[in-house]
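Working notes for the structure below.
2 protein chains.
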Amino acid sequence: MKIGNQNYQSIWIDESDPAIIRVIDQQKLPFFFEIKNLRSVEDVFNAIADMTVRGAPLIGAAGAFGIYLATLEINSRTNIREHLSNAARYLISCRPTAVNLSWAVNFVMEKLKNEQRSTSLTKTALDAALEICEMEKENCRQIGRHGLKLIEAISKKKKGSPVNILTHCNAGWLACIDYGTVTAPIYLAHEKKIPVHVWVDETRPRNQGAKLTTYELGQNGIPYTLITDNSGGHLMQQKQIDIVIVGSDRTTRTGDVANKIGTYLKALAAFDNKIPFYCALPSSSIDFNISNGMKDIIIEERDPDEVTNVTGFAEGKIRSVRICPEDTIAANYGFDITPARLITGLITEKGICRATEKDIKEMFSYKFN
Amino acid sequence: MKIGNQNYQSIWIDESDPAIIRVIDQQKLPFFFEIKNLRSVEDVFNAIADMTVRGAPLIGAAGAFGIYLATLEINSRTNIREHLSNAARYLISCRPTAVNLSWAVNFVMEKLKNEQRSTSLTKTALDAALEICEMEKENCRQIGRHGLKLIEAISKKKKGSPVNILTHCNAGWLACIDYGTVTAPIYLAHEKKIPVHVWVDETRPRNQGAKLTTYELGQNGIPYTLITDNSGGHLMQQKQIDIVIVGSDRTTRTGDVANKIGTYLKALAAFDNKIPFYCALPSSSIDFNISNGMKDIIIEERDPDEVTNVTGFAEGKIRSVRICPEDTIAANYGFDITPARLITGLITEKGICRATEKDIKEMFSYKFN
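Those protein sequences? They're chains F and Z, same order as listed. Take 1 as the starting number for the first sequence in this note's numbering and just add one per residue. Take 1001 as the starting number for the second sequence in this note's numbering and just add one per residue.
What follows is the structure, encoded as structure tokens:
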């Protein structure tokens, strides 16, 4: 998608040096547009841990490139199998909630199984990582195609007055490789000249909505309004929201969705106000092995400093301000679980299905055991 | 209540100069403890508008003192009735949602009806403002007494392990004159050595939870944990919250509650998880003339800058950082309506009642027409 007049992906290989993976530094957005080079497994781990890259599909792709970079670290004395499986374990440990990360890392590892020579390992790993990028992009395109129908139907009902969409966090192209999951239908609608307007939750503690969703929507010409995370319920009561679309970091085979903390509250409000609530997700984020979101998904706790401090821009630089007494104890849960009963449907690359085991099974029968 | 080792009210008359009303500057807390002098109606208006003073009962008391200060502005050429009613209108216009403000201002104005001489006007106005302060303090004490029973019952059930209370915004002693509404039962429980722990919502956009509730709980020895506004639903799902207690800026005769934006979302989550949800309020914040919160209560929109910027402390001073792109459009709704059906009960100075017209009428029959 566009930044200024140029098209970008959120991760790519350096054109002149294939040993460098390049990413947009999402910690600096929207204040500075900077590109960061990743040259080692550790660089990838750190970029995921400090959220230079974030968003389930992008984290997966970064992990895949991490294994590729691991193959470049092999020399004549390396125990190849041990080296690679250590790298895989290390990368996967970085973010326990996102299922894409382990999926993508394991996808590359599987392809490497039968390779012995380090040059062919490298080529195979790179091909696999690029394949994941292409898959994710194609997934987003398809999610866009299917989600567009929902927006079109609302637009028709509203006789062309803008379709008001609420989203939480950033499940945009920055979180993916391109297009985004939640944003793909929105970008497609905009392309087709269907008037849309996005209510953007700021998404504390890290403010991915305020920092990233606003930025990418603005750069691509989509009208939006930033609101606090507290506001969505009121807007729904006032019938100022036609549809809620959020992403998913992990979905159970029964349709429970783990997504950014606060998603559950918006799902409750949508349900209470009879507003359709959709999760847009590639099937790579469905964990077909688990069926109870509340029991089976680990909710990671992050640094309390993200709660006690807010990062923003002032006087020419990025600064952090403390918003509470100095000795404040805080807790920082990264995700919550939205039970399937509150979800109108899942927008996947294969189509839209209800958030029930039966419907998910019908659409992804080949993934069920 | 205590700040350091000293007891304070949030508003009082200067001991040496009765023409000065003194307030704790709540814009500077928790970073600096400063006292501000109010010497005119305009000072009071500005203090309410810029949230130097905030919280329904305190705003009411400030408004009452505002009329007292207006009587000090009378000279031989003043048209007294016009001067006072202009002052009253001006003060009331400052915050349209809080019913206490108009109630308190009108309370003082009513007492002044039959006074003609400016000296007796001044004395009567001062007495009336002080009467309001005493009433509000007594209301808080009684709310504490009644609310304490709820905490005691949970503590008994939990066999003495800490009672976990979630609150939103600040309905503490800083918002009132003393004790607070939500915090009164908590302070009383703590005094009685009943172990309590408070989950404090940060309460964007102005972060009254992060800035004020943490501060006053900390200064008075109550254990608390600061969380983002997004977290309460997850904590309720995890059974880490035993009871929710919030304040109210305005309550209808049918039990709908207008309170800080985001309250409705917590009420939905409490309802979904079968956790008791109470609103603590003096009956002065019940508007007995209205019965439909959604239709009859004006939700004020505040400056969008409060959403696009966050104020906190860094490098020795209070600073504001922008958290989004420079050209971001934002919306800032101050309150939302929690429908009575989601509220377990109202904790008032007269006792606890269900949030229904029938029960409110039983408790406050003398206010019903």
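Where a beta carbon is used, it is the ideal one built from N, C-alpha and C, also for glycine.
So what does DSSP say about residue i, is it helix, strand or coil?
| i | result |
| --- | --- |
| Z:His1168 | coil |
| F:Val307 | helix |
| F:Asn114 | coil |
| Z:Ala1330 | strand |
| Z:Arg1250 | strand |
| Z:Leu1281 | coil |
| F:Gly262 | coil |
| Z:Trp1103 | helix |
| F:Lys2 | strand |
| F:Cys140 | helix |
| Z:Ile1059 | helix |
| Z:Thr1338 | strand |
| F:Ile186 | helix |
| F:Ile275 | coil |
| F:Val53 | coil |
| F:Ile241 | coil |
Quick check on this structure: which residue in the options has the alpha carbon closest to the alpha carbon of residue i?
| i | options | result |
| --- | --- | --- |
| Z:Ser1016 | Z:Asn1037, Z:Asn1007, Z:Asp1025 | Z:Asn1037 |
| Z:Ile1011 | Z:Glu1115, Z:Ile1048, Z:Phe1032, Z:Asp1327 | Z:Ile1048 |
| Z:Ile1329 | F:Thr213, F:Ile3, F:Ala189 | F:Thr213 |
| Z:Pro1057 | Z:Leu1112, Z:Trp1173, Z:Thr1263, Z:Ile1024 | Z:Trp1173 |
| Z:Phe1032 | Z:Ile1323, Z:Asn1332, Z:Arg1319, Z:Ile1360 | Z:Arg1319 |
| Z:Cys1176 | Z:Gly1004, Z:Gln1009, Z:Lys1028 | Z:Gln1009 |
| F:Thr263 | F:Ala184, F:Asn106, F:Val321, F:Tyr333 | F:Tyr333 |
| F:Phe335 | F:Leu148, F:Asp256, F:Ala189, F:Val23 | F:Asp256 |
| Z:Ser1076 | Z:Glu1300, Z:Thr1124, Z:Thr1119, Z:Glu1362 | Z:Thr1119 |
| Z:Ser1155 | Z:Gly1221, Z:Ile1297, Z:Cys1279, Z:Ile1186 | Z:Ile1186 |
| Z:Leu1148 | Z:Ile1352, Z:Met1236, Z:Ile1298, Z:Tyr1090 | Z:Ile1352 |
| Z:Thr1308 | Z:Thr1251, Z:Ile1222, Z:Arg1322 | Z:Arg1322 |
| Z:Lys1274 | Z:Glu1301, Z:Gly1312, Z:Arg1250, Z:Leu1235 | Z:Leu1235 |
| Z:Gly1180 | Z:Ser1248, Z:Phe1368, Z:Trp1199 | Z:Ser1248 |
| F:Lys211 | F:Lys192, F:Ile21, F:Gln27 | F:Gln27 |
| F:Trp103 | F:Asp296, F:Arg250, F:Ala340 | F:Arg250 |
| Z:Glu1115 | Z:Met1363, Z:Pro1096, Z:Asn1139, Z:Thr1071 | Z:Thr1071 |
| F:Ala331 | Z:Ile1337, Z:Val1198, Z:Cys1169 | Z:Val1198 |
| Z:Asp1201 | F:Arg253, F:Asn230, F:Met51 | F:Asn230 |
| Z:Lys1260 | Z:Phe1271, Z:Asn1046, Z:Gly1160, Z:Cys1169 | Z:Cys1169 |
Can you tell me the Cβ-Cβ gap for residue i and residue j, rounded? I've got them flagged as a contact below 8 Å.
| i | j | result |
| --- | --- | --- |
| Z:Thr1152 | Z:Ile1194 | Checking the sequence, you will find Glu at residue 1152 of chain Z rather than Thr. About 6 Å; that satisfies the 8 Å criterion. |
| Z:Leu1126 | Z:Ile1074 | Z:Leu1126 to Z:Ile1074, Cβ: 14 Å. No contact. |
| F:Val44 | F:Ala62 | 6 Å |
| Z:Gly1055 | Z:Ala1129 | So it is not a contact: roughly 16 Å between Cβ atoms. |
| F:Leu342 | F:Leu268 | 6 Å |
| Z:Ile1243 | Z:Leu1150 | 6 Å |
| F:Pro18 | F:Glu300 | F:Pro18 to F:Glu300, Cβ: 33 Å. No contact. |
Just list the residues that DSSP pairs residue i with in beta bridges.
| i | result |
| --- | --- |
| F:Ala314 | F:Lys317 |
| F:Thr225 | F:Trp199 |
| Z:Asn1037 | Z:Arg1022 |
| Z:Arg1322 | F:Phe313, Z:Asn1309 |
| F:Trp173 | None, per the DSSP bridge assignment. |
| F:Glu301 | F:Tyr333 |
| F:Ile352 | F:Ile347 |
| Z:Asp1287 | Z:Thr1252 |
| F:Asn86 | BP columns for F:Asn86 are empty, so no partner. |
| F:Ile13 | F:Ile21 |
| Z:Asn1007 | Z:Lys1002 |
| Z:Val1257 | Z:Thr1251, Z:Thr1338 |
Rounded to whole angstroms, what's the CA-CA distance from residue i to residue j? Just pull it up for me.
| i | j | result |
| --- | --- | --- |
| F:Ser291 | Z:Ile1290 | 47 Å |
| Z:Asp1287 | F:Gly316 | 48 Å |
| F:Leu346 | Z:Leu1101 | 47 Å |
| F:Ile92 | F:Gln238 | 43 Å |
| F:Glu357 | F:Ile24 | 37 Å |
| Z:Gly953 | Z:Thr1203 | In the structure displayed, chain Z extends from 1001 to 1369; residue 953 of chain Z sits before or after that span and is not available. |
| Z:Lys1111 | Z:Thr1124 | 7 Å |
| Z:His1083 | Z:Glu1306 | 34 Å |
| Z:Pro1162 | Z:Tyr1224 | 11 Å |
| F:Pro325 | Z:Pro1030 | 6 Å |
| Z:Pro1282 | F:Val41 | 60 Å |
| Z:Phe1065 | Z:Ala1088 | 11 Å |
| Z:Thr1228 | F:Arg39 | 35 Å |
| Z:Val1099 | Z:Cys1279 | 16 Å |
| F:Asp415 | F:Asn106 | Outside the shown range of chain F (1 to 369) lies residue 415 of chain F, about which nothing can therefore be said. |
| F:Ile13 | F:Pro339 | 38 Å |
| F:Glu131 | Z:Phe1271 | 46 Å |
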